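Here the first sequence stands for residues 4 to 553, where the numbers follow the numbering used here.
Backbone N, C-alpha and C define an ideal beta-carbon position, used for all residues, glycine too.
All values reported here derive from a predicted model rather than from experimental measurement.
Report on the following structure.
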Amino acid sequence: MGKVLAEKPELRTKAKEITPLINRIVGEVNTLSLSEQKRIVEENWPEALQREKVEEEKKLPPLPNADKYPKVVTRFSPNPDCVLHLGSARAIILCHEYARMYRGKFILRFEDTDPKLKKPVLEFYDRIREDLAWLGCIPDEEYIQSDRIPIYYGYAEKLLENGNAYVCACQPQAFREKILAKRPCPCRDLPSETHMERWRRMLDGEYGEGEAVVRIKTDLQHPNPAVRDWPALRVIDTERSPHPRVGSKYRVWPLYNFACGLDDHLMGVTHIIRGKEHLTNMVRQEYLYRHLGWKYPEAIHYGRLKIVGAYLSKSKIVQGVREGFYEGWDDPRLATFVALRKRGITPAAIKRLIIDVGPKTSDVVLSWENLYAYNRKTLDPEVDRYFFVSNPIQLTVHGVPKTFTARIRRHPEHLERGFREYTIKPTEKGEAFFWVSKNDLKNLATGRIIRLMELFNVRVEEVKAYAVEASFLSEAYEDAKRAEAPLIHWVSIGADMPCRVVMPDATTVEGIAEKACESLKPNDIAQFERFGFVRIEKTDGKILAYFAHK
RNA sequence: GCUCCGGUAGUAUAGCCCGGUCAAGUAUUCCGGCCUUUCGAGCCGGAGACGCGGGUUCAAAUCCCGCCCGGAGCACCA
Numbered sequence: 004m005g006k007v008l009a010e011k012p013e014l015r016t017k018a019k020e021i022t023p024l025i026n027r028i029v030g031e032v033n034t035l036s037l038s039e040q041k042r043i044v045e046e047n048w049p050e051a052l053q054r055e056k057v058e059e060e061k062k063l064p065p066l067p068n069a070d071k072y073p074k075v076v077t078r079f080s081p082n083p084d085c086v087l088h089l090g091s092a093r094a095i096i097l098c099h100e101y102a103r104m105y106r107g108k109f110i111l112r113f114e115d116t117d118p119k120l121k122k123p124v125l126e127f128y129d130r131i132r133e134d135l136a137w138l139g140c141i142p143d144e145e146y147i148q149s150d151r152i153p154i155y156y157g158y159a160e161k162l163l164e165n166g167n168a169y170v171c172a173c174q175p176q177a178f179r180e181k182i183l184a185k186r187p188c189p190c191r192d193l194p195s196e197t198h199m200e201r202w203r204r205m206l207d208g209e210y211g212e213g214e215a216v217v218r219i220k221t222d223l224q225h226p227n228p229a230v231r232d233w234p235a236l237r238v239i240d241t242e243r244s245p246h247p248r249v250g251s252k253y254r255v256w257p258l259y260n261f262a263c264g265l266d267d268h269l270m271g272v273t274h275i276i277r278g279k280e281h282l283t284n285m286v287r288q289e290y291l292y293r294h295l296g297w298k299y300p301e302a303i304h305y306g307r308l309k310i311v312g313a314y315l316s317k318s319k320i321v322q323g324v325r326e327g328f329y330e331g332w333d334d335p336r337l338a339t340f341v342a343l344r345k346r347g348i349t350p351a352a353i354k355r356l357i358i359d360v361g362p363k364t365s366d367v368v369l370s371w372e373n374l375y376a377y378n379r380k381t382l383d384p385e386v387d388r389y390f391f392v393s394n395p396i397q398l399t400v401h402g403v404p405k406t407f408t409a410r411i412r413r414h415p416e417h418l419e420r421g422f423r424e425y426t427i428k429p430t431e432k433g434e435a436f437f438w439v440s441k442n443d444l445k446n447l448a449t450g451r452i453i454r455l456m457e458l459f460n461v462r463v464e465e466v467k468a469y470a471v472e473a474s475f476l477s478e479a480y481e482d483a484k485r486a487e488a489p490l491i492h493w494v495s496i497g498a499d500m501p502c503r504v505v506m507p508d509a510t511t512v513e514g515i516a517e518k519a520c521e522s523l524k525p526n527d528i529a530q531f532e533r534f535g536f537v538r539i540e541k542t543d544g545k546i547l548a549y550f551a552h553k
């Protein structure tokens, strides 16, 4: 029914007449058997059974009103008080991606205007730049708000002169009561000369912390009390709380809405992309823009992003690292970019995940599986494969008739990457020794036939606590296939090297890797077959690796 | 409490503005099969969702109303 109307919209007005007709025909068709129906369709409309497949890379929805601006400008504006983590990924990647999509500009702006409560830390300015570079989101321009204080002062004075702002010297509590009652505080209607005078005194240090604040006039009747006459600049005792970059040079510091509001316009930002916790801030800043005769940029407020089991709260991360609960900013339990990088999670995977999630306003709780799936897809064709035996136990094979040479491809689809080669030479008694994983013990029951991958087939004769005895069976892979023997990986004793893998929960797995892992370098990512993807951290004699995922 | 948002399979997303090719598409996950010297990848098949209740309409994931649930904001933080 719907299909008919969709294809022939001119029939819609006659919907009532058509309904019984269609019902009758559908009824008739349904009396036929399924195969009968299929046959008729094949005879008359064979093309109807063709299903086409179109798979395309997911793209971002278009930016609102992008064509109204000569150049799209976005910005990412972190407070340098922590390293960046997955929670920031949405802002960064969306801003950067949209800027690229429209051949616009992507700005990095450090919002370091609170030397007291959210004190910036010098090391993070660079760490944030590094995180961005790793993600491939290099800013076109960079600003630091603590360098721009005089600019903010200039606008403050202008607003004070015009009577669009005032210096409020009320006790915070007294002001609160007034504003909640939708009444002006005593300072609000004082002449602007008085406010200019008070402003001087703020700058001269005659007011202590909390004694005076510049407020932007809004609407006292506004339904949301948080919007009414919001604070724009306050006094901070920078002798006691010096700013890490400019020390105690300034005593009056702008607040978020003032600095951010001014800068977005001053830097020509056309599209603000930030979390929805800033929704009220947009309402507040719109008053500032009105006073200044500016047009507010387009704003997109996306929802919060979480990932199961990981803290994405800066304060928790900072606290955990400072107290030594975490090994550092790159502790594998953390969802910071440095931690993800250490584990071998690629920027490409993060980017695809964020684009997949898009800019919508509802909150999302991501599952790691989604990230892993993208990462696996990126890594699988790229990285080489090796054997790593976790929880090793010794396997002795008896009756090995000759010397075998195993040549194993580094990657099954890329022969040009070469081989790992091992010569298995039996002792005089015909024995050969291997490391195999205790995890495969379930396959090692007595009498069971198993195949050592790319080598030969054996029959398990005896399983002891930390050793397995087996006898040589045959070489041909086909035998193993016929017997439906499990394929397990192995490391030849003597052609091995120790290896430790740090898991995402910071526990470690001890094991033995094949000798060919010598060619791995720090930062390489490898696939340990039947174990998972790992990033190599250290290789001096003993390998240290971090586990990404299966 | 007040002021705003939001709710499609386990997870994420498309569709909603402009009702009908939606008995809801895609990715991942899980389960089977094929292929393959990995439990990986690939291919094929299957499982699994419109928060609830009313209304409007020939027709509702889509429009309207009520409810439920979730989130954010309510700082001299960003």
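Is the region 188 to 200 touching the region 283 to 295 in the sense that three or more CB pairs, one from each, lie closer than 8 Å?
The region 283 to 295 is not in contact with the region 188 to 200.
Are there 16 or more other CB atoms within 10 angstroms of the CB of residue 123, so buried, or fewer, so exposed?
For the purposes of this step, residue 123 is identified with residue 120 of the first sequence, where counting begins at 1. Buried, since its Cβ has 16 or more Cβ neighbours within 10 Å.
Beta-carbon proximity of residue 425 to residue 498, cut-off 8 Å
In the first sequence, counting from the first residue as 1, residue 425 sits at position 422. In the first sequence, counting from the first residue as 1, residue 498 sits at position 495. Yes, these two residues count as a Cβ contact at 8 Å.
Best match in 382, 509, 470 and 429 for proximity to residue 529 [C-alpha to C-alpha]
Numbered from 1 along the first sequence, position 526 holds the residue referred to as residue 529. Nearest of 382, 509, 470 and 429 to residue 529, Cα basis: 382.
Could you check how far apart the C-beta atoms of residue 255 and residue 199 are, in whole angstroms? I think they sit under 8 Å.
Indexing the first sequence from 1 puts residue 255 at position 252. Indexing the first sequence from 1 puts residue 199 at position 196. Going by Cβ atoms, the distance from residue 255 to residue 199 rounds to 14 Å, so no, they are not a contact pair.
8 Å contact criterion, which residue 310 and residue 369 should meet: CB distance rounded
Start at 1 with the first residue of the first sequence, and residue 310 comes out as number 307. Start at 1 with the first residue of the first sequence, and residue 369 comes out as number 366. At roughly 4 Å, the Cβ-Cβ gap stays under 8 Å, so residue 310 and residue 369 are in contact.
With a threshold of 8 Å, are at least 3 pairs of Cβ atoms found where one atom belongs to the region 68 to 85 and the other to the region 262 to 277?
Yes, the region 68 to 85 touches the region 262 to 277.
Among 405, 410, 170 and 101, which has the Cα closest to the Cα of residue 433?
For the purposes of this step, residue 433 is taken as the residue at position 430 of the first sequence. Comparing alpha-carbon positions, the option among 405, 410, 170 and 101 lying closest to residue 433 turns out to be 405.
Selected residue, minimal CA-CA separation from residue 139, among 95, 125, 377 and 522
Sequence index remark: in the first sequence, residue 139 carries index 136 (1-based). Comparing alpha carbon positions, the residue from 95, 125, 377 and 522 closest to residue 139 is 95.
Short check: CB of residue 399 to CB of residue 470, under 8 Å?
Locating residue 399 in the first sequence gives position 396, counting from the first residue. Locating residue 470 in the first sequence gives position 467, counting from the first residue. Yes, the pair counts as a contact, with Cβ atoms nearer than the cut-off.
On the three-state DSSP scale, how would you describe residue 347?
One-based indexing of the first sequence puts residue 347 at position 344. Coil, per DSSP.
Chain-order list of residues whose beta-carbon lies under 7 Å from that of residue 371 (same chain, five-residue window excluded):
Here residue 371 refers to the residue found at position 368 when the first sequence is read from its first residue. Shown here for residue 371: same chain residues with a beta carbon closer than 7 Å to its own, the five before and five after excluded, namely 310 and 311 in chain order.
One question on the structure: do residue 3 and residue 202 come within less than 8 Å of each other, judged by their Cβ atoms?
Nothing in the structure corresponds to residue 3, since the chain is present only between 4 and 553.
Name the DSSP beta bridge partners of residue 499, please?
Here residue 499 corresponds to residue number 496 of the first sequence, with the count starting at 1. Beta-bridge analysis with DSSP links residue 499 to 517.
Which residues mark the beginning and the end of the alpha helix (DSSP H) in which residue 318 is found?
Within the first sequence, residue 318 is the residue found at index 315, counting from 1. Element bounds for residue 318: 317 to 325.
Closest to residue 487 by CA distance: which of 514, 166 and 446 is it?
As a working mapping, residue 487 is identified with position 484 in the first sequence. For the residues 514, 166 and 446, the minimum Cα distance to residue 487 belongs to 446.
Heavy atom of the ligand MG less than 7 Å from the Cβ of residue 159, yes or no?
No copy of the ligand MG occurs in the structure displayed, which carries no ligand at all.
Put residue 541 into one of helix, strand or coil per three-state DSSP.
Here residue 541 corresponds to residue number 538 of the first sequence, with the count starting at 1. In the three-state reduction of the DSSP assignment, residue 541 falls in the strand class.
Tell me whether the region 327 to 342 and the region 76 to 89 touch, counting them as touching only if at least three CB pairs, one residue from each stretch, are closer than 8 Å.
The region 76 to 89 and the region 327 to 342 touch, with three or more beta-carbon pairs separated by less than 8 Å.
Do you know how far the Cα of residue 77 is from the Cα of residue 114?
Locating residue 114 in the first sequence gives position 111, counting from the first residue. Locating residue 77 in the first sequence gives position 74, counting from the first residue. Cα to Cα, residue 114 sits roughly 15 Å from residue 77.
Which residues in the same chain as residue 477 place their Cβ atom closer than 6 Å to its Cβ, once the five residues preceding and following it in sequence are excluded?
Numbered from its first residue, the first sequence carries residue 477 at position 474. Closer than 6 Å at the Cβ level, and outside the excluded window around residue 477, lie 460.
Relative to the alpha-carbon of residue 509, which residue among 551, 531 and 25 has its alpha-carbon at the smallest distance?
In the first sequence, the residue the question calls residue 509 occupies position 506. Looking at 551, 531 and 25, the one whose alpha-carbon comes closest to that of residue 509 is 551.
Kindly identify the DSSP beta-bridge partner or partners of residue 275.
Within the first sequence, residue 275 is the residue found at index 272, counting from 1. In the DSSP output, where bridge partners are listed per residue, residue 275 has 302.
With residue 483 as the anchor, note down where its beta strand (DSSP E) starts and where it stops.
Position 480 of the first sequence, counted from the first residue, corresponds to residue 483. Element bounds for residue 483: not the beta strand (DSSP E) but the alpha helix (DSSP H), 480 to 485.
Name the two residues that bound the continuous alpha helix (DSSP H) containing residue 163.
Within the first sequence, numbered from 1, the residue matching residue 163 stands at position 160. Counting along the chain, the alpha helix (DSSP H) containing residue 163 begins and ends at 152 to 165.
Beta-ladder partner(s) of residue 140, from DSSP:
Residue 140 sits at position 137 when you count from the first residue of the first sequence. Residue 140 pairs with nothing; no bridge assigned.
Count the C-beta pairs between the region 125 to 141 and the region 159 to 179 that are closer than 8 Å, then say yes if the count reaches three, no if not.
The answer is no - the region 159 to 179 does not touch the region 125 to 141, with fewer than three Cβ pairs under 8 Å.
Look at the alpha carbon of residue 116 and the alpha carbon of residue 442, and state the distance between them as a whole number of angstroms.
Counting from one through the first sequence, the residue named residue 116 turns up at place 113. Counting from one through the first sequence, the residue named residue 442 turns up at place 439. If you take the alpha carbons of residue 116 and residue 442, they lie about 54 Å apart.
Exposure label - residue 356; buried when at least 16 CB within 10 Å:
Sequence index remark: in the first sequence, residue 356 carries index 353 (1-based). Residue environment analysis places residue 356 among the buried positions, since at least 16 neighbouring C-beta atoms fall within 10 angstroms of its C-beta.
Might you give, ordered along the chain, the residues of its own chain that have their beta carbon closer than 7 Å to the beta carbon of residue 396, omitting 5 neighbours on each side?
Here residue 396 refers to the residue found at position 393 of the first sequence. Result list for residue 396: 439, 441, 469, 470 and 471, in chain order.
My guess is that residue 475 and residue 544 are in contact by the Cβ rule of under 8 Å, so how many angstroms apart are they, rounded?
Numbered from 1 along the first sequence, position 472 holds the residue referred to as residue 475. Numbered from 1 along the first sequence, position 541 holds the residue referred to as residue 544. Not confirmed; about 33 Å, so no contact.
Who does residue 2 pair with in a DSSP beta bridge?
No information on residue 2 is available, as it lies outside the stretch 4 to 553 that the chain covers here.
Return helix, strand or coil for residue 101, following the three-state DSSP convention.
Counted from its first residue, the first sequence places residue 101 at position 98. Look at residue 101 here: in three-state DSSP terms it is helix.
Express the C-alpha separation of residue 27 and residue 16 in angstroms, rounding to a whole number.
The residue given as residue 16 occupies position 13 in the first sequence. The residue given as residue 27 occupies position 24 in the first sequence. Rounded to the nearest angstrom, the two C-alpha atoms are 20 Å apart.
Tell me the DSSP bridge mates of residue 112?
For this step, residue 112 is matched to residue 109 along the first sequence. Paired residues: 146.
Under the DSSP definition of a beta bridge, which residues are partnered with residue 62?
Here residue 62 refers to the residue found at position 59 of the first sequence. In DSSP, residue 62 forms no bridge with anything.
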